[in-house]
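Chains as they are written, first to last, in UniProt numbering: chain A, 1 to 193; chain B, 1 to 193.
Where is the CB? At the ideal position from N, CA and C, for every residue including glycine.
Working notes for the structure below.
2 protein chains.
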Amino acid sequence: MQTKEKLLLESMELFAAYGYEGTSMAKIAEKVGLKKSSLYAHYTSKETLFLDVTEKITNEYVHLIAQSIDNNEQSSEKRLYQSFMIHVKDLVSDDASIQFYNRFVQYPPQNLEKELFAYLERSEEEALRILVKEIENGQTVGEISKDLEAKQIAHTYFCLLEGLSNEIIFYDYPTLQHHAERIWEVFWRGIRM
Amino acid sequence: MQTKEKLLLESMELFAAYGYEGTSMAKIAEKVGLKKSSLYAHYTSKETLFLDVTEKITNEYVHLIAQSIDNNEQSSEKRLYQSFMIHVKDLVSDDASIQFYNRFVQYPPQNLEKELFAYLERSEEEALRILVKEIENGQTVGEISKDLEAKQIAHTYFCLLEGLSNEIIFYDYPTLQHHAERIWEVFWRGIRM
DNA sequence: GTCTATACGGCGATAGAC
DNA sequence: GTCTATCGCCGTATAGAC
């Protein structure tokens, strides 16, 4: 792997775990196996490095949502459930890119809010669009109630995923997965025909 | 107000907004109206100040949950809805203590994880206990489905609140409130008799 | 209890040799 | 592109006068 790629990956993991201010260029350098001054041969500043990571992660996020929905399940219910559980699996398996995304959506570092927001707004809209499409499909085939707006349902879906992401810290994999299944049960009862 | 009280309050607001590493003793001092060296007459370190804030906030959090449930509505549905919307109102009205709580539940500062966790575990359990009690009551009087466990429903409830807290950054008050009402609709459909 | 002054370390970033 | 050396700044924290 190229040094620059490695730099993006390793710094992303540190940012996800310790935040922007909690991650120093020295720590990144150590993880990559360089001296910190060498990092500046690849990036002119910590800020530009962070924003490059952000760009990469927001693109991956949209891709992940699209792919998880595009599974081989027959019914809309099963497709949505599969997608939901894939996301949960990524959460609990310590997927750093998901953690990076969730962390900085909520708590952008000072002075970088504007640039960050530009990336995140784009990906949030795109992810919502993908989900709304699938839900409308479920409404058309008569699986999902037409009393609710597709957008409203999609918002609830993401809201639950984000809520679940907050609980990783308290529970282990089997517990959270079980928990996610119970939450899905409540959600599905809420939107089914 | 005593200096020490003011110190707790003002530093809490800064921690909530900018995180632990993002908040310096100098900034806290400036907000309180002191020089930063004077803070050390009240607290021996930034860490002990932060942990004192944490203790205060976790106590307040449990109190808030208890109080919001203890409203004058007649039905279980209305009591739970009221409580949900009070929490949402606090979220959108920039209630710093709620933001402090949510932020550090998810992203504890390095080296303080253990101490923080001790406080948070206690308050999370207590808050869950309070909600479970109200839900069981709703099941007894026949408003809420007995097909679901009360604990499972309570978890979903908190999960939605936490998910909603993630969205403050994107929406204004009326939008988020409307959004919360729509989410409640889905939730209630999911748990009602 | 609050101030001024200061210690000391870590931070992001740069210069220049190889 | 990576290194050593170094800069200037800001972080937490302390000493001592008032």
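- Taken through DSSP and simplified to helix, strand or coil, Ile144/A comes out as strand.
- Per DSSP, the continuous alpha helix (DSSP H) segment holding Arg79/A begins and ends at 76–92.
- From the beta-carbon of Leu148/B, the residues of chain A found nearer than 9 angstroms are Arg182, Glu185, Val186, Arg189.
- Against Ile153/B, the close residues of chain A are Val186, in the order they occur along the chain (beta-carbon pairs closer than 8 angstroms).
- According to the DSSP assignment, Arg182/B belongs to the alpha helix (DSSP H) that extends over 173–191.
- If you ignore the 5 residues before and after Asn137/B, its C-beta comes within less than 8 angstroms of the C-beta of Ser76, all in its own chain and listed in chain order.
- Counting along the chain, the unbroken alpha helix (DSSP H) around Ser11/A starts and ends at 3–18.
- Taking CB atoms only, Gly142/A has no neighbour in chain B less than 9 angstroms away.
- Legend: CB atoms of the region 90–111 of chain B lying less than 9 angstroms from CB atoms of chain A belong to residues Asn102, Arg103, Val105, Gln106, Tyr107, Pro108, Pro109, Gln110.
- Contact between Gln152/B and Arg182/A holds, since their C-beta atoms are separated by about 4 angstroms, short of 8 angstroms.
- Taking all protein chains shown into account, Thr58/A has 16 or more neighbouring C-beta atoms within 10 Å of its C-beta and is therefore buried.
- Residue nearest to Ser145/B within the set Pro108/B, Leu116/B, Leu160/B, Trp188/B is Trp188/B (criterion: CA-CA distance).
- Of the candidates Leu9/B, Glu143/B, Glu149/B, Gln139/B, Leu9/B places its Cα closest to the Cα of Asp52/B.
- Taking each of Tyr81/B, Glu113/B, Leu39/B in turn and checking the Cα distance to Tyr20/B, the smallest one comes out for Glu113/B.
- Nearest neighbour of Gln110/B by Cα position, chosen from Ala17/A, Gln74/A, Thr140/A, turns out to be Ala17/A.
- When DSSP states are grouped into helix, strand and coil, Ile169/A belongs to the coil group.
- Flagged as an interface residue toward chain A: Gly19/B, by a C-beta distance shorter than 9 angstroms.
- The beta carbon of Glu121/B sits closer than 9 angstroms to some beta carbon of chain A.
- Within the same chain, Cβ atoms closer than 7 angstroms to the Cβ of Asp90/B are found at Ile98, the five residues on either side in sequence being excluded.
- The region 169–183 of chain B makes no contact with the region 117–130 of chain B; the number of CB pairs closer than 8 angstroms stays below 3.
- Counting only residues of its own chain and dropping the five nearest sequence neighbours on each side, Pro108/A has a CB closer than 6 angstroms to the CB of Leu116.
- Residue-level contact by beta carbon fails for Phe50/B and chain A, as no gap is shorter than 9 angstroms.
- Look at Gly33/A here: in three-state DSSP terms it is coil, with no helix or strand label.
- Looking only at Arg103/A, Gln139/A, Glu47/A, His179/A, the smallest Cα-Cα distance to Leu160/A is reached by His179/A.
- Remark: C-beta atoms of Ile28/B and Ser45/B do not approach each other more closely than 9 angstroms.
- CA-CA distance, Glu13/A to Ala118/A, rounds to 22 angstroms.
- Thr156/B reaches chain A at Ile183, Val186, counting residues in chain order whose Cβ is nearer than 7 angstroms.
- The alpha carbon of Lys133/B has as its nearest neighbour, out of Tyr43/B, Asp70/B, Ser24/B, the alpha carbon of Asp70/B.
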